[in-house]
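In UniProt numbering, the protein residues as written are 1 to 138.
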């Protein structure tokens with residue numbers, strides 16, 4: 001069975017971890033369904049930063065460290081570091097879509113998905129479908 005690369009977005013990672021998130025149950029159910037498949041996950045250092053900052057800014061430093069280390073140490077997660085070249089590609093993408101409300105982080109995520117030929121993102125952010133990608137859960 002081929003390994004499917006899937007992009008992990010902030011909204012999905014937070015929903016998995018936060019019991020009071022409106023998408024928590026959907027994320028938990030989805031994760032239980034997909035975890036048995038062999039998957040390779042890709043995310044960016046900007047997504048990592050958003051997730052860790054979210055917990056730390058709400059006085060949950062230990063949770064920020066726990067989630068951060070889980071992402072960094074997982075053999076299934078490839079962390080793409082946003083270097084200067086990727087930053088400028090994301091910035092160009094961002095400028096190109098003035099009619100959308102994509103964040104710079106979204107734009108960089110879309111560029112990474114194109115570069116790695118990833119069609120599916122685990123996210124609750126509708127911007128991914130606007131940008132032409134599939135999102136799970138539906």
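Glycine is no exception: its CB is placed at the ideal position from the N, C-alpha and C atoms.
In whole angstroms, give me the CA-to-CA distance for residue i and residue j.
i          : j           : result
residue 64 : residue 127 : 25 Å
residue 23 : residue 51  : 15 Å
residue 77 : residue 28  : 18 Å
residue 41 : residue 73  : 12 Å
residue 18 : residue 39  : 23 Å
residue 1  : residue 8   : Low confidence applies here, because residue 1 scores a pLDDT of 47, under 50, leaving its location unreliable and the question unanswered by this model.
residue 69 : residue 92  : 31 Å
residue 59 : residue 113 : 32 Å
residue 75 : residue 37  : 15 Å
Short of 8 Å in beta carbon distance, which residues of its chain neighbour residue i, apart from the five on each side in sequence? Order them along the chain.
i           : result
residue 135 : 120, 121, 122, 123, 124, 125, 126, 128, 129
residue 21  : 14, 15, 27
Find the nearest neighbour of residue i within the set the options, judged by alpha-carbon distance.
i          : options          : result
residue 46 : 118, 89, 81, 114 : 81
residue 16 : 39, 53, 67       : 67
residue 85 : 12, 115, 43, 9   : 115
So residue i and residue j are supposed to be a Cβ contact under 8 Å. How far apart are they, rounded?
i           : j           : result
residue 132 : residue 111 : Actually they do not touch by this definition, with Cβ atoms about 13 Å apart.
residue 55  : residue 79  : Wrong, their Cβ atoms sit about 17 Å apart, outside the cutoff.
residue 108 : residue 5   : Rounded, the Cβ-Cβ distance is 17 Å, inconsistent with contact.
residue 71  : residue 43  : 7 Å
residue 137 : residue 30  : 4 Å
Keeping to the same chain, check which residues put their C-beta closer than 7 Å to that of residue i; ignore five residues upstream and five downstream.
i           : result
residue 94  : 102, 104, 107
residue 12  : 27, 122, 123, 124
residue 146 : Because the chain here runs from 1 to 138, residue 146 falls outside it and cannot be looked at.
Between residue i and chain D, is there a C-beta pair that is closer than 7 Å?
i           : result
residue 123 : No chain D is part of this structure, which consists of one protein chain only.
Tell me the start and end of each unbroken beta strand (DSSP E) in the stretch 42-115 that is at least 3 residues and wholly inside, in chain order. 77-80
Segments of 3+ residues assigned as beta strand (DSSP E) that fall wholly inside the stretch 8-47: 39-44
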